[in-house]
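Working notes, beginning with the structure itself.
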Amino acid sequence: MLKARGISIRIEDRVLAAPFSFHVKPGDVIALMGVSGSGKSSLIRTLTRERELGDGELDLESNWAEIPQNESLNPLLSALDNAEAGLLKNLGFWSAFARRREGRPRLRQLLSEWGLRNPDQPVSSLSGGEKQRLCIVRALAMDWKILYADEPISQLDEANARKALKALREEAIRRQGAIIWALHQPDLAREFSDRILTFDGRGGVSES
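Note that our numbering gives residue 48 to position 47 of the sequence shown, counting from 1, and the numbers run on in steps of one.
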């Protein structure tokens with residue numbers, strides 16, 4: 002699904018991560034750990050093609066979705082409409098029309114399960130934690146084989162954080178997909194991930 006060979010992470014002349022390699026196969030959940038500024042988010046932006054690759058080679062799965070660090074929600078739309086935007090991503094008109102009719106009841110159920118009981122509420126009125134739960138719902142609704150998630154639980158309490166990681170992991174297994182997520186909670190990373198890439202902040206990357 003993904004092969005990275007001898008890639009490095011740079012910001013201008015600064016090397017955040019010296020050349021390293023890793024691979025992702027169906028069912029893998031890989032955590033990125035390390036201090037702030039060590040290259041975790043930059044790696045995700047490279048994998049989502051928001052940053053150009055410097056050194057090395059990448060073979061990437063084309064069907065991917067993202068939970069960005071700064072939630073990419075439209076504040077003028079409702080929670081339901083924002084979730085639906087994920088459901089309809091990359092679909093043509095008639096496919097989107099059919100998917101919308103089929104998917105709206107499921108989206109309403111998901112929003113309720115995640116504590117967003119007023120789906121017509123504008124996103125601008127949601128708290129930080131509610132917005133992050135909405136991003137989780139949108140990711141669960143989207144079509145993907147690899148999910149990239151940059152600190153997807155940073156604004157959630159422990160109960161909701163565990164619920165989110167468990168749900169995303171189960172969804173990846175169900176669709177024979179994979180997840181790469183950046184986390185700051187070592188215990189949760191170990192519990193819900195198969196492998197961990199640790200960025201030491203001095204250019205080194207190790208896998209465990």
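A virtual CB, placed ideally from N, CA and C, is assigned to each residue, including glycine.
Under 9 Å between C-beta atoms of residue i and residue j
i: PRO123; j: LEU77; result: yes
i: ALA18; j: SER39; result: yes
i: ARG52; j: SER63; result: no
i: ALA183; j: LYS146; result: no
i: ALA173; j: LEU198; result: no
i: ARG217; j: LEU157; result: Because residue 217 is not part of the residues shown, which for the chain are 2 to 209, the question remains open.
i: GLN186; j: ILE154; result: yes
i: ALA32; j: ALA190; result: yes
i: ALA80; j: LEU141; result: no
i: ILE45; j: ASP144; result: no
i: ILE181; j: LEU3; result: yes
i: ALA86; j: ARG139; result: yes
i: PRO120; j: ARG109; result: yes
i: THR49; j: ILE8; result: no
Residues that residue i bridges to, as DSSP identifies them
i: VAL25; result: LEU3
i: GLY204; result: ALA18
i: VAL138; result: Paired residue(s): none; VAL138 is not in a bridge.
i: ILE210; result: No information on residue 210 is available, as it lies outside the stretch 2 to 209 that the chain covers here.
i: ASP151; result: ALA183
i: ALA66; result: LEU148
DSSP state of residue i mapped onto helix, strand, coil
i: ASP158; result: coil
i: PHE193; result: helix
i: VAL36; result: coil
i: ARG11; result: strand
i: SER126; result: helix
i: TRP95; result: Residue placement at TRP95 cannot be trusted, given a pLDDT of 41 that sits under 50; what the coordinates show is reported in the next sentence. Here TRP95 sits in helix by DSSP.
i: ASP144; result: coil
i: LEU61; result: strand
i: ASP188; result: helix
i: LEU198; result: strand
i: SER79; result: strand
i: GLU53; result: coil
i: SER209; result: coil
Cβ separation of residue i and residue j, assumed to be a contact under 8 Å, to the nearest whole Å
i: ASP16; j: ASP195; result: According to the sequence displayed, residue 16 carries Val and not Asp. Not really, about 27 Å apart at Cβ, beyond 8 Å.
i: LEU61; j: ALA84; result: Rounded, the Cβ-Cβ distance is 26 Å, inconsistent with contact.
i: GLY55; j: ARG11; result: 5 Å
i: GLY35; j: ASP201; result: 7 Å
i: LYS167; j: LEU74; result: LYS167 to LEU74, Cβ: 23 Å. No contact.
Delimiting residues of the alpha helix (DSSP H) encompassing residue i
i: LEU48; result: 41-48
Distance cut-off 8 Å: residue i Cβ against heavy atoms of the ligand NAP
i: PRO106; result: Judged by which ligands are present, the structure shown has none, so any question about the ligand NAP falls away.
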